[in-house]
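> Here it is, the structure in full.
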Amino acid sequence: MNRTVLFVGFALAAALVIVLFSGLGKDPQAIDSPLIGRAAPDFALREVGTGKTIDLSQLRGKPVVLNFWATWCAPCYEEHPTLVANARAFPDVQFVGVVFQDSEEKIQKFLSERGRAYPTVVDEAGKTAIAYGVGGVPETFFLDRRGSVVAKYAGPLNSRLLQANLDKARTR
Amino acid sequence: MIAVLLLLMATPLTGAALDQKTYEIASLLRCPVCQGMSVADSPAEMAVNMKKQVRALLERGYTQEQILDYFERSYGQFVLLKPKFQGVNTLVWILPVLAVAIGFVIIVRTMKRLEQRPNDNKYLAQVRDLVRGKP
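Read top to bottom, the protein sequences are chains A and B.
Each residue of the first sequence is one higher than the last, beginning at 81 in my numbering.
Each residue of the second sequence is one higher than the last, beginning at 267 in my numbering.
Structural data, given as structure tokens:
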């Protein structure tokens, strides 16, 4: 009986160690979204400043970086210069900012003060955020030329992370 | 007759029935920005938006299963407060029952072994003497 208990205890502990060990080295912010490998949910949202409608389906043909953000989100301030710099550095990639739970006045002020290099749209009822499974901001989705989601990143991006994910979107 | 019944079942809800069904389905969804709260109970703006979405889908005639699938396609099974009985999730349902069953077997076997053990009066007498302080 004692030997059996010892064996079962050892097997359970070993299984736990293997599970915990397999998690080491993984980036907890590289979220495994059910959307990865599937067509990105379409949207047609109003652009801040111009008022014109941006339709995601019209952006097919080039990789898209879809960044969900808000002016009340502190990490979004940290991330914004990286997005602007990379949008300027990669004109073959379409960057789009999607703002939710925010006011247009605050968005305009943020962009005027911190620079803009790509269109920003407003997700007024949060429907697009829900369709993309957004749980918080910032969250960024990388879409390939055909409009499929290839990666999702939760949290502020730096250039290294952004370009690593962008490579996945550009090579497909 | 069956066609009429199906038509009645597919008729979108309105009024109090719509409110009630919205609450029921929202209770099955996890608020993604909260700590273990359902969409129905959370005051967070994200949860409020999700609740509105549930209501809008019900108004369009979606069934409960279709609505849960809709949210699962975006958020994964994480969004379901009650895990589905499939894949690795099966363990969540099976392991507690298995643990109780194993515990029950261990208790029964231990009790049987204790019952089968012969009463050793010699040792009992020694213990009694020790308790009473006899040499």
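Every residue, glycine too, gets a C-beta built ideally from N, C-alpha and C.
Only a predicted model underlies this, so the values are computations on that prediction, with no experimental measurement involved.
Fully enclosed by the segment 88-140 of chain A, which beta strand (DSSP E) runs are 3 residues long or longer?
Entirely contained in the segment 88-140 of chain A, the beta strand (DSSP E) runs reaching 3 residues are, in chain order, 124-127, 133-135.
> Whose C-alpha, out of V358(B), T356(B), A310(B), is nearest the C-alpha of P298(B)?
Here residue 298(B) refers to the residue found at position 32 when the second sequence is read from its first residue. Comparing Cα-Cα distances from P298(B) to each of V358(B), T356(B), A310(B), the minimum goes to A310(B).
> For a contact defined as C-beta to C-beta under 9 Å, what are the partners of K232(A) on chain B?
Counting from one through the first sequence, the residue named residue 232(A) turns up at place 152. Near K232(A) there are no residues of chain B at all, since even the closest Cβ is about 11 Å away, more than 9 Å.
> Fully enclosed by the segment 337-398 of chain B, which alpha helix (DSSP H) runs are 4 residues long or longer?
Whole alpha helix (DSSP H) segments, 4+ residues: 356-382, 387-398.
> Give me the chain B residues within the contact set of P114(A), using Cβ-Cβ distance strictly less than 8 Å, ordered along the chain.
The residue labelled residue 114(A) in the question sits at position 34 within the first sequence. Neighbours of P114(A) on chain B, chain order: E338, R339, S340, Y341, G342.
> Grab the span of the beta strand (DSSP E) containing Y233(A) for me, first residue to last.
Position 153 of the first sequence holds residue 233(A). Where Y233(A) is concerned, the enclosing beta strand (DSSP E) stretches over 229-234.
> For P298(B), would you say it is in contact with chain A, using Cβ-to-Cβ distances shorter than 8 Å as the test?
Taking the first residue of the second sequence as 1, we reach residue 298(B) at position 32. Interface residue, yes.
> What in chain A is Cβ-close to E311(B), meaning under 8 Å?
The sequence position of residue 311(B) within the second sequence is 45, counting from 1. By Cβ distance, chain A contributes Q181, G206.
> Which residues, taken in chain order from the segment 197-226 of chain A, show a beta carbon closer than 8 Å to some beta carbon of chain B?
Correct list: A205, G206, K207, A209, I210, A211, Y212, G213, V214, G215, G216.
> Determine contact between the segment 174-186 of chain A and the segment 245-252 of chain A, defined as no fewer than three beta-carbon pairs at a distance below 8 Å.
Counting Cβ pairs under 8 Å, fewer than three are found: no touch.
> Nearest to R196(A) by alpha carbon, out of V164(A), D203(A), A209(A)?
Here the question's residue 196(A) lines up with position 116 in the first sequence. Considering only alpha carbons, the answer is V164(A).
> Where does S113(A) land, buried or exposed, given buried means 16+ other C-beta within 10 angstroms?
To locate residue 113(A), count along the first sequence from 1; it is residue 33. With 16 or more Cβ atoms within 10 Å of its Cβ, S113(A) is classed as buried.
> Of the residues that make up the segment 312-331 of chain B, which ones have a beta carbon closer than 9 Å to any beta carbon in chain A?
Flagged, chain order: M312, V314, N315, M316, K318, Q319, A322.
> Enumerate in chain order the residues of its own chain whose CB-to-CB distance from I333(B) is below 8 Å, with the five nearest sequence positions on each side excluded.
Taking the first residue of the second sequence as 1, we reach residue 333(B) at position 67. These residues qualify, in order along the chain: I291, V320, L323, L324.
> Straight-line CA distance for K232(A) to I373(B)?
The residue given as residue 232(A) occupies position 152 in the first sequence. The residue given as residue 373(B) occupies position 107 in the second sequence. When rounded, the distance between both Cα atoms is 50 Å.
> So what's V85(A) in DSSP terms, helix, strand or just coil?
To locate residue 85(A), count along the first sequence from 1; it is residue 5. Note: V85(A) maps to helix in three-state DSSP.
> Nearest-angstrom Cα distance between E184(A) and G216(A)?
Residue numbering aside, residue 184(A) sits at position 104 when the first sequence is read from its first letter. Residue numbering aside, residue 216(A) sits at position 136 when the first sequence is read from its first letter. Distance between the alpha carbons of E184(A) and G216(A) is about 19 Å.
> Verify whether the separation of the beta carbon atoms of R226(A) and K142(A) is less than 8 Å.
Here residue 226(A) corresponds to residue number 146 of the first sequence, with the count starting at 1. Here residue 142(A) corresponds to residue number 62 of the first sequence, with the count starting at 1. No.
> Taking contact to mean 3 or more Cβ pairs, one atom from each stretch, closer than 8 Å, check whether the segment 119-137 of chain A and the segment 194-210 of chain A are in contact.
In short, these stretches touch, since the Cβ pair count reaches three.
> Cβ of L346(B) within 8 Å of Cβ of E338(B)?
Within the second sequence, numbered from 1, the residue matching residue 346(B) stands at position 80. Within the second sequence, numbered from 1, the residue matching residue 338(B) stands at position 72. In contact: L346(B) and E338(B) (Cβ atoms closer than 8 Å).
> First and last residue of the alpha helix (DSSP H) that includes E219(A)?
For the purposes of this step, residue 219(A) is taken as the residue at position 139 of the first sequence. Note, E219(A): premise wrong, no alpha helix (DSSP H); beta strand (DSSP E) at 219-223.
> For M312(B), I'd like the list of residues in its chain whose CB is within less than 8 Å of its CB, leaving aside the five on either flank, ordered along the chain.
Position 46 of the second sequence, counted from the first residue, corresponds to residue 312(B). The answer, listed in chain order, is C297, P298, V299.
> Could you give the distance in angstroms between the alpha-carbon of A95(A) and the alpha-carbon of V354(B)?
For this step, residue 95(A) is matched to residue 15 along the first sequence. For this step, residue 354(B) is matched to residue 88 along the second sequence. Distance between the alpha carbons of A95(A) and V354(B): 15 Å.
> For G213(A), count the other beta carbons within 10 Å of its own beta carbon; 16 or more makes it buried, fewer makes it exposed. Which is it?
The residue given as residue 213(A) occupies position 133 in the first sequence. Buried is the call here.
> Thinking T162(A) and N82(A) are a contact (beta carbons under 8 Å), I'd like their distance in whole angstroms, please.
Taking the first residue of the first sequence as position 1, residue 162(A) is located at position 82. Taking the first residue of the first sequence as position 1, residue 82(A) is located at position 2. Between N82(A) and T162(A) the Cβ distance is about 59 Å, and since that is not below 8 Å, they are no contact.
> How would you call E381(B), buried or exposed, if buried means at least 16 neighbouring beta carbons within 10 angstroms?
Position 115 of the second sequence holds residue 381(B). With fewer than 16 other Cβ atoms within 10 Å, it is exposed.
> Beta-carbon of A234(A) versus every beta-carbon of chain E: anything under 8 Å?
No chain E appears in this structure, whose protein chains are A and B.
> Here's the rule: buried if 16 or more other CB atoms are within 10 angstroms of the residue's CB, otherwise exposed. What is N387(B)?
If you number the second sequence from 1, residue 387(B) lands on position 121. Exposed, by the Cβ-count rule.
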